Structure formats: C-alpha cells, structure tokens
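Student: One structure coming up, written as structure tokens, with questions to follow.
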Amino acid sequence: MSYNIKLDVFEGPLDLLLFFIKRDEINIYDIPIAHVTSEFLDYIHMAQQMNIHLAGEFLEMAGILMRIKSKMLLPDKNNQDGEDVEDPRTDLVNMLLEYRKYKEISKRFENREKFATRHYPAKVENNSDREYDLDLFLSEVTLFELSSLFKKLLQNKPEPQYYEIEKIDISIQEQRIYIMNRLEENKRIGFWELSKGLDNKLEVIVTFLAILEMVKVNTIKLQQNDVFEEIYLAKRDGEEHIAPRA
C-alpha cells in the first residue's frame with residue numbers, strides 16, 4: 000500500500016513553529032515545549048527520510064528547543080537568592096511574536112499588491128522619456144506571439160478596392176439653359192421626356208434642382224392633367240429664352 004505525503008512549505012523554523020501553534024491552538028505565551036519539540040523533531044525526521052534538504056537553521060532551532068526542554072525539566076525554579084528564574088521560553092516567545100508581526104505585515108503588503116494589480120488608473124502621465132519594462136505588460140505572452148497574431152489579423156482582412164472617380168462639371172444655371180432650350184423646341188415637355196437627354200444621376204439631380212428654382216422664380220410652370228399622370232413643364236406666357244451668364 001502506498002501513501003501520498005504532502006508537506007507544507009515553511010520559510011524557516013519560526014514559520015514551522017507558528018504553524019504548530021496555530022494548528023494545535025496553543026497559547027503562544029505558554030508553549031508546551033515538550034509537545035512542540037516532539038512535533039518539530041518529527042518534521043525534521045520525516046523530511047530527512049524523504050531526502051528533503053533542510054537549512055542549518057532548522058537544525059539549530061531543534062537544538063534550541065532541546066535546550067529549553069532540558070531547562071524546563073529542572074525541578075528547582077528558584078535561584079539561591081529566592082528570586083524567580085526567567086522562563087526559558089521567553090526568548091523563543093519574543094522571537095515568535097516578532098516573526099509573526101512581520102509576517103502579518105508582509106501579508107498585508109502582498110494583499111495590497113494583488114488588489115492594485117486588478118485596477119488601472121484613469122489617466123496615465125504622458126512622458127515619452129520614461130522607459131517601461133515590457134515584462135510588466137507581457138507576463139503571459141511574448142512579442143513574437145503578438146506579432147504573429149497581428150499578421151493573421153491583417154491576412155484575414157479583404158484587400159482594399161480602389162475606384163477612379165470621374166469629375167462631372169455641371170451647374171444649376173447650365174441646366175436652366177438646357178431646360179429653356181428644350182422648351183423652345185416644344186412648348187411643353189414631360190419629366191420623362193426631359194430626362195432622356197441626361198446621361199447620369201448627377202445630371203438628373205442638378206436638373207431637378209434647376210426645375211425647382213425656375214418654378215420658384217416663376218420662369219416655368221408645372222402641369223398635370225390628372226393624379227399620377229405625367230407632369231409637364233411649360234414656359235410662362237411672355238417668358239423669353241434665358242441667356243447664359245457671363
């Protein structure tokens with residue numbers, strides 16, 4: 000039968016001792032030194048069996064715990080003057096308290112860093128002289144991958160189509176002259192008949208604007224015999240041919 004053994008990663012012997020204290024809900028000011036020492040030595044023994052390299056500080060801490068345990072086993076707790084002897088655990092407790100304090104502070108900084116990485120400023124100072132570390136922005140992607148993606152995006156886009164636009168010179172005044180010339184040939188002419196002499200949409204549009212302008216100034220009139228029937232253009236009585244403008 001095989002067993003899967005998982006070891007927590009401890010940054011140092013004090014970290015391991017704090018783990019035991021937290022796990023077993025031990026009062027840090029009244030450490031059962033025999034119990035903690037046994038747990039600490041068991042961890043070292045297990046690590047050695049699994050060929051895990053331990054730093055010398057772990058072995059040093061094991062020696063400190065053994066020395067404290069030995070002092071705790073001494074029956075006489077008073078010196079010859081009758082004064083209380085300092086608890087052998089005092090130095091260890093002070094080290095654990097100091098270590099725990101800095102560990103909690105570092106954890107706060109780590110949490111603040113994680114929180115800050117999820118937020119981005121609304122405005123970034125525009126400083127062209129500032130040098131940026133691309134690794135900060137490309138933590139999980141390389142420039143080669145970005146360039147390859149950009150190339151694929153360009154290849155998937157259709158090729159641009161270019162058109163040659165022909166400029167057509169035409170004015171409303173020219174079309175007014177054209178309309179009056181047609182009315183000289185026929186006293187009345189329909190819209191559809193008039194449009195047959197126009198070659199493109201631009202000429203149709205400009206001609207229509209010329210008709211509206213000529214109706215506005217009473218140069219021509221529009222006639223229709225019935226609803227939806229052909230609309231005819233006719234000169235007003237007494238109107239003469241419009242001469243081209245200079």
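All residue numbers for the sequence shown refer to the working numbering, where the first residue is 0 and numbers rise by one. Note that CB positions come from ideal geometry on N, CA and C, so glycine has one too. Nothing here was measured: the structure is a model prediction, and the numbers come from that model.
Going by the DSSP bridge assignment, what does I219 pair with across the sheet?
Tutor: I219 is bridged to K234.
Student: Within 8 Å, do at least three Cβ pairs link the region 182-194 to the region 221-233?
Tutor: Contact holds: three or more Cβ-Cβ distances are below 8 Å.
Student: Just grab the DSSP bridge partners of G55 for me.
Tutor: Paired residue(s): none; G55 is not in a bridge.
Student: Could you compute how far the alpha carbon of R22 sits from the alpha carbon of L152?
Tutor: Rounded to the nearest angstrom, the two C-alpha atoms are 55 Å apart.
Student: Identify the continuous alpha helix (DSSP H) that holds R107 and give its terminal residues.
Tutor: Where R107 is concerned, the enclosing alpha helix (DSSP H) stretches over 89-116.
Student: Can you tell me whether V226 is buried or exposed, with buried defined as 16 or more other CB within 10 angstroms of its CB?
Tutor: Counting Cβ neighbours within 10 Å, V226 comes out exposed, since fewer than 16 surround it.
Student: Who does R187 pair with in a DSSP beta bridge?
Tutor: R187 pairs with A233.
Student: Taking only beta-carbon atoms, is I167 less than 9 Å away from chain B?
Tutor: Reference to chain B is not applicable here, since this structure consists of a single protein chain.
Student: Between the region 169-183 and the region 201-214, are three or more C-beta pairs nearer than 8 Å?
Tutor: Flag = yes, the region 169-183 and the region 201-214 touch.
Student: Which of the three DSSP states is assigned to V214 in this structure?
Tutor: It is helical.
Student: Counting along the chain, where does the alpha helix (DSSP H) carrying F18 start and finish?
Tutor: Here the alpha helix (DSSP H) through F18 covers 12-22.
Student: Is it buried or exposed, L73, if we count other Cβ atoms within 10 angstroms and call 16 or more buried?
Tutor: L73 is exposed by the Cβ-count criterion.
Student: In whole angstroms, what separates the C-alpha of N110 from that of K102?
Tutor: Using only the alpha carbons, I get a separation of about 12 Å.
Student: To the nearest angstrom, report how far apart D41 and H34 are at their CA atoms.
Tutor: Approximately 11 Å, taken between the alpha carbons.
Student: For S37, tell me which candidate among G55, N26, I63 has the shortest Cα-Cα distance.
Tutor: Comparing Cα-Cα distances from S37 to each of G55, N26, I63, the minimum goes to I63.
Student: In the DSSP assignment, find the unbroken alpha helix (DSSP H) run with I43 in it and report its ends.
Tutor: Where I43 is concerned, the enclosing alpha helix (DSSP H) stretches over 32-48.
Student: If distances are taken between C-alpha atoms only, which option among M71, I164, Q222 comes closest to L201?
Tutor: When each option's Cα is compared against that of L201, the closest is I164.
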